[in-house]
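Peer 1:
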Amino acid sequence: MGLSSRRGRTGPFRRIKVVLAAALTTGLLFGTGPALGAEERPAPARSEAAVAAPGDDWLHTKGNQIVDANGDEVWLTGANWFGFNAGERVFHGLWSGNITDITKPMADRGINIVRVPISTQLLLEWKSGQAAVPSGVNAYANPEIAGKTSLEVFDHWLALCEQYGIKVMLDVHSAEADNSGHVYPVWWKGTITTEDFYTAWEWVTTRYKNDDTIVAMDVKNEPHGTANASPRAKWDGSTDQDNFKHVCETAGKRMLAINPNLLVLCEGIEIYPKAGVSWTSTTGTDYHSTWWGGNLRGVRDHPVDLGAHNDQLVYSPHDYGPLVHEQPWFTGDWNRTTLERDVWDPNWLYLHKENKAPLVIGEWGGFLDGGPNQKWMTALRDLIVEHRIHQTFWCLNPNSGDTGGLLLGDWKSWDEEKYALLKPALWQHGGKFVSLDHEVPLGGAGSTTGISLSEVYDGSTDPEDTQEPTVPTGLAGTVKTSTSVTLSWTASTDNTRVTGYDVYRGTTKVNAAPLTGTTYTDAGLSPSTAYSYTVRARDAAGNVSAPSAALNVTTESSDTPTGAVKVRYKNNDSSATDNAVRPSLHVVNSGTSDLGLDTVAVRYYFTRDGSASVNAWCDYAAVGCAQVKLRVVPLATAVPGADAYLEVSFTGGSLAAGATTGDIQLRMNKADWSNFNETNDYSRTTSTTYTDAPAVPAYTGTTLAWGTPPA
Numbered sequence: 178m179g180l181s182s183r184r185g186r187t188g189p190f191r192r193i194k195v196v197l198a199a200a201l202t203t204g205l206l207f208g209t210g211p212a213l214g215a216e217e218r219p220a221p222a223r224s225e226a227a228v229a230a231p232g233d234d235w236l237h238t239k240g241n242q243i244v245d246a247n248g249d250e251v252w253l254t255g256a257n258w259f260g261f262n263a264g265e266r267v268f269h270g271l272w273s274g275n276i277t278d279i280t281k282p283m284a285d286r287g288i289n290i291v292r293v294p295i296s297t298q299l300l301l302e303w304k305s306g307q308a309a310v311p312s313g314v315n316a317y318a319n320p321e322i323a324g325k326t327s328l329e330v331f332d333h334w335l336a337l338c339e340q341y342g343i344k345v346m347l348d349v350h351s352a353e354a355d356n357s358g359h360v361y362p363v364w365w366k367g368t369i370t371t372e373d374f375y376t377a378w379e380w381v382t383t384r385y386k387n388d389d390t391i392v393a394m395d396v397k398n399e400p401h402g403t404a405n406a407s408p409r410a411k412w413d414g415s416t417d418q419d420n421f422k423h424v425c426e427t428a429g430k431r432m433l434a435i436n437p438n439l440l441v442l443c444e445g446i447e448i449y450p451k452a453g454v455s456w457t458s459t460t461g462t463d464y465h466s467t468w469w470g471g472n473l474r475g476v477r478d479h480p481v482d483l484g485a486h487n488d489q490l491v492y493s494p495h496d497y498g499p500l501v502h503e504q505p506w507f508t509g510d511w512n513r514t515t516l517e518r519d520v521w522d523p524n525w526l527y528l529h530k531e532n533k534a535p536l537v538i539g540e541w542g543g544f545l546d547g548g549p550n551q552k553w554m555t556a557l558r559d560l561i562v563e564h565r566i567h568q569t570f571w572c573l574n575p576n577s578g579d580t581g582g583l584l585l586g587d588w589k590s591w592d593e594e595k596y597a598l599l600k601p602a603l604w605q606h607g608g609k610f611v612s613l614d615h616e617v618p619l620g621g622a623g624s625t626t627g628i629s630l631s632e633v634y635d636g637s638t639d640p641e642d643t644q645e646p647t648v649p650t651g652l653a654g655t656v657k658t659s660t661s662v663t664l665s666w667t668a669s670t671d672n673t674r675v676t677g678y679d680v681y682r683g684t685t686k687v688n689a690a691p692l693t694g695t696t697y698t699d700a701g702l703s704p705s706t707a708y709s710y711t712v713r714a715r716d717a718a719g720n721v722s723a724p725s726a727a728l729n730v731t732t733e734s735s736d737t738p739t740g741a742v743k744v745r746y747k748n749n750d751s752s753a754t755d756n757a758v759r760p761s762l763h764v765v766n767s768g769t770s771d772l773g774l775d776t777v778a779v780r781y782y783f784t785r786d787g788s789a790s791v792n793a794w795c796d797y798a799a800v801g802c803a804q805v806k807l808r809v810v811p812l813a814t815a816v817p818g819a820d821a822y823l824e825v826s827f828t829g830g831s832l833a834a835g836a837t838t839g840d841i842q843l844r845m846n847k848a849d850w851s852n853f854n855e856t857n858d859y860s861r862t863t864s865t866t867y868t869d870a871p872a873v874p875a876y877t878g879t880t881l882a883w884g885t886p887p888a
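Using my numbering, you'd call the opening residue of the sequence shown number 178 and step up by one each time.
This is the structure in structure tokens:
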């Protein structure tokens, strides 16, 4: 997230951050009288270089997990506190709040890591000995840091974090120390070169290489840029200046040569070319587009390679809601299922689901509007909790204009409603928050709300855990093809915590690492072949449940369309150039077991032929129009034959094997009643009798189950 307002910008690009900081500092830098209780806060001792004994708190990766030196899984659940990246060159809020009084409640409330945005310019100033005393510190509210340089303030704060069991992640948010610096799309700017960027990272890594309070480095915040922008960030196999994949590798290797124990975070970019398209294209529709920093599609083709230290690599997308920008996927009757299928899975969640690497959602958050934004935030929170995805919430600061913060404007009071939404996504064990420090409980010595990492894994807070999780139930095959089976089951419970599931095909375990969700796709199977599956649950102590009841599944023959759903289509309108689009559909259960219609979504792709909005109606449905849900969704980038689709889903009901919904007669018109030109629409044919329609794809849950979407 950045700091400046850009609400006038067009296109599906990102959040806008209005920072009130600069204005608020006036008149707030110096109060009258000492801060209440300031004399009771001893300043923690820390040397200039902040050297701690080589600790046991360093982290590395294993599959999609982050683990400690013992191989025990950890969960990074934190927040962002910005200001060092901005013109003030110090945490925002110190113009009125006390640094200790802001920091300790974070630990007490479960923030076990803080992402700290900073600038390359400030790091270079620190390196050259030009650290200045920041004006944005109220000396009366902060007597312990009065007169300190920005670097000394940062070191003082690191000591507080060590005292309270908080770990730290540094993030180069921008090249220059500028409240709007994040708007510039790349890591170089003006006199700051790419080599300066690498040098700054090497210097700060060297300075803190023995201090395991700083455990992670986020190489660059939100590289971005559209197809026709210059400069803009790309992701490919080249060594070009604007290739962020190469930059992330180079910066990562140079840091890891100094401290091989750091986690290195690589964010995504904004766009990625569609199949067969070169990065030389300046046509927006040639690219997949999403939030700044959120597009990690390129990892599938060009994964980051950190050489011998690839087990320090973490990918870090950002994601925001409709109050930041009204993206196409927030149109119509969207929900967590559509977000997961249309946005999260293809852009970054596949890395977790396919056990390729861990994810840290470096920024997510927003205002609780009681409506769409809160709906999005709840959906992403639930995804984070279900899959135990690492996250740092945006943000602590109340002066983030398009998201607000966990703190209210007095920099003391917490937004309790927002915190209540976040709290389930903070690591808890036995009712207490978990530190990433093996010795210091989260909240510090004597904490009543937190425990240390050792207390989780050596059992000192609980008797030895020998209780197995409950047996998974409800094992079902939701989708099957000629070469794959998708399974789902009901979550198990445990006296402490279920950490994952193992899927067995016969007696062979088929997943490489424990699954954190309750679905799995077993691929590479043979057509027309019978398989038997069971699932076992695991807990944090290593106890394993008994196997679930077996599920016997036979894959489809090789010439059977994908999935348990088939769509048939006929055209109810002989004219291709009038003011209506009138498709008629049948949804067919082509599987061997009942199909829940509430899991099915069918997409009819078409062109809107103009800028007017398009409305959809159900004219007749054998299952009842009340059971049919319609939404028209514009594509983020147009493709040949389509710039939108009509999604047809259902409120409930089921189909027996081989059954059909019968007629579903639909109609679309523009708001201004102007004409369409359907001649080249992707899903349209001229057939007036029902025929199988692979150009009208269908999904069950988040999985493509029939047909082929346009590319």
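Cβ atoms here follow ideal geometry from the backbone N, Cα and C, with glycine treated the same way.
Quick one: which unbroken alpha helix (DSSP H) runs of 4-plus residues sit fully inside the stretch 290 to 325? Chain order, please.
Peer 2: Entirely contained in the stretch 290 to 325, the alpha helix (DSSP H) runs reaching 4 residues are, in chain order, 297 to 304.
Peer 1: What is the DSSP secondary structure of proline 887, reduced to helix, strand or coil?
Peer 2: Three-state result, proline 887: coil.
Peer 1: In angstroms, rounded to a whole number, what distance separates the CA positions of tyrosine 464 and glycine 607?
Peer 2: Taking the straight line from one Cα to the other gives about 46 Å.
Peer 1: For glycine 830, tell me which candidate among Thr879, Asn766, Ala323 has the shortest Cα-Cα distance.
Peer 2: Measuring from the Cα of glycine 830, the nearest candidate turns out to be Asn766.
Peer 1: Using the three-state DSSP reduction, which class does proline 811 fall into: helix, strand or coil?
Peer 2: DSSP places proline 811 in strand when its eight states are reduced to three.
Peer 1: According to the Cβ coordinates, are alanine 793 and leucine 762 closer than 8 Å?
Peer 2: No. Outside cutoff.
Peer 1: Looking at serine 351 and asparagine 262, is the spacing between their C-beta atoms short of 8 Å?
Peer 2: Yes, they are a contact pair.
Peer 1: Tell me which same chain residues have a C-beta within less than 7 Å of the C-beta of serine 890, skipping the five on either side of it?
Peer 2: A question about residue 890 goes unanswered here, because the residues of the chain that appear run from 178 up to 888.
Peer 1: So, do the stretch 705 to 719 and the stretch 742 to 749 have three or more beta carbon pairs nearer to each other than 8 Å?
Peer 2: Not touching, per the Cβ criterion.
Peer 1: Determine the extent of the alpha helix (DSSP H) in which valine 381 is found, giving its start and end residues.
Peer 2: Looking at the DSSP string, the run of the alpha helix (DSSP H) that includes valine 381 is 371 to 384.
Peer 1: Is there contact between the stretch 230 to 248 and the stretch 275 to 282, where contact requires at least three CB pairs shorter than 8 Å?
Peer 2: Too few Cβ pairs lie closer than 8 Å, so no.
Peer 1: Ignore the nearest five residues each way along the sequence and tell me which others in leucine 473's own chain have a CB closer than 7 Å to its CB.
Peer 2: The residues are Gly445, Tyr492, Pro494, Asn524, Trp525, Leu528.
Peer 1: Where are the alpha helix (DSSP H) runs, 4 residues long or more, that stay fully inside the stretch 453 to 510, in chain order?
Peer 2: With a minimum length of 4 residues, the continuous alpha helix (DSSP H) runs that stay inside the stretch 453 to 510 are 475 to 478.
Peer 1: Can you tell me whether DSSP reads phenylalanine 570 as helix, strand or coil?
Peer 2: In the structure shown, phenylalanine 570 sits in a strand (DSSP, three-state: E or B).
Peer 1: Using DSSP bridges, identify the partner residues of serine 826.
Peer 2: The partner list for serine 826 (beta bridge, DSSP) reads Ala778, Lys806.
Peer 1: Let me make sure I understand the geometry here. Which of Glu302, Gly543, Leu613, Glu379 has the alpha-carbon closest to that of proline 437?
Peer 2: Nearest option by C-alpha distance: Glu379.
Peer 1: Using DSSP's beta-bridge definition, name the partner residues of glutamate 444.
Peer 2: In DSSP, glutamate 444 forms a bridge with Ser493.
Peer 1: Can we say the stretch 291 to 308 touches the stretch 248 to 262, given the rule of at least three CB pairs closer than 8 Å?
Peer 2: Output reads yes: the stretch 248 to 262 touches the stretch 291 to 308.
Peer 1: Glutamine 242 by DSSP, collapsed to three states: which one?
Peer 2: Note: glutamine 242 maps to strand in three-state DSSP.
Peer 1: Does at least one heavy atom of the ligand MN sit under 7 Å from the Cβ of glycine 839?
Peer 2: The ligand MN is not among the ligands present in this structure, which contains no ligands whatsoever.
Peer 1: Look at the alpha carbon of asparagine 356 and the alpha carbon of valine 267, and state the distance between them as a whole number of angstroms.
Peer 2: About 12 Å.
Peer 1: Is DSSP giving glutamate 632 helix, strand or coil here?
Peer 2: Note: glutamate 632 maps to helix in three-state DSSP.
Peer 1: Assign lysine 686 to one of two classes, buried (16 or more other C-beta atoms within 10 Å of its C-beta) or exposed (fewer than that).
Peer 2: Exposed is the call here.
Peer 1: Note down the Cα distance separating threonine 467 from histidine 502, rounded to an integer number of angstroms.
Peer 2: Computed Cα separation, rounded: 11 Å.
Peer 1: How close, in whole Å, do the beta carbons of glycine 509 and valine 810 come, if the pair is a contact with beta carbons under 8 Å?
Peer 2: So it is a contact: roughly 6 Å between Cβ atoms.
Peer 1: Ends of the beta strand (DSSP E) at asparagine 550?
Peer 2: Counting along the chain, asparagine 550 falls outside any beta strand (DSSP E), though it belongs to the alpha helix (DSSP H) covering 549 to 564.
Peer 1: Mapping the DSSP letters down to three states, classify proline 724 as helix, strand or coil.
Peer 2: Here proline 724 sits in coil by DSSP.
Peer 1: Alpha carbon to alpha carbon, how far is glutamine 804 from glycine 839? Give it in angstroms, no decimals.
Peer 2: Cα to Cα, glycine 839 sits roughly 13 Å from glutamine 804.
Peer 1: Could you tell me which uninterrupted alpha helix (DSSP H) segments, each at least 4 residues in length, are contained entirely in the stretch 728 to 770, listed from first to last along the chain?
Peer 2: For the stretch 728 to 770, not a single whole alpha helix (DSSP H) run of length 4 or above is found.
Peer 1: Taking C-beta to C-beta, are glutamate 855 and alanine 726 nearer than 8 Å?
Peer 2: No, they are not a contact pair.
Peer 1: Kindly indicate the opening and closing residues of the alpha helix (DSSP H) around isoleucine 276.
Peer 2: Residues 276 to 285.
Peer 1: Could you check the C-alpha separation between glycine 627 and arginine 674 for me, to the nearest Å?
Peer 2: The straight-line gap from Cα to Cα measures roughly 17 Å.
Peer 1: With DSSP as the reference, identify every bridge partner of tyrosine 449, one or two as the case may be.
Peer 2: Beta-bridge pairing links tyrosine 449 to His465.
Peer 1: Going by beta carbon distance, what residues of the same chain come within less than 8 Å of threonine 868, once the five residues before and after it are set aside?
Peer 2: The residues are Arg745, Tyr746, Lys747, Thr862.
Peer 1: Would you mind working out which of Ala668, Leu692, Thr670 sits nearest aspartate 679, comparing C-alpha positions?
Peer 2: Answer by Cα proximity: Leu692.
Peer 1: Looking only at C-alpha atoms, which of Asp849, Pro724, Pro499 sits nearest to aspartate 579?
Peer 2: Here the closest residue by C-alpha is Pro499.
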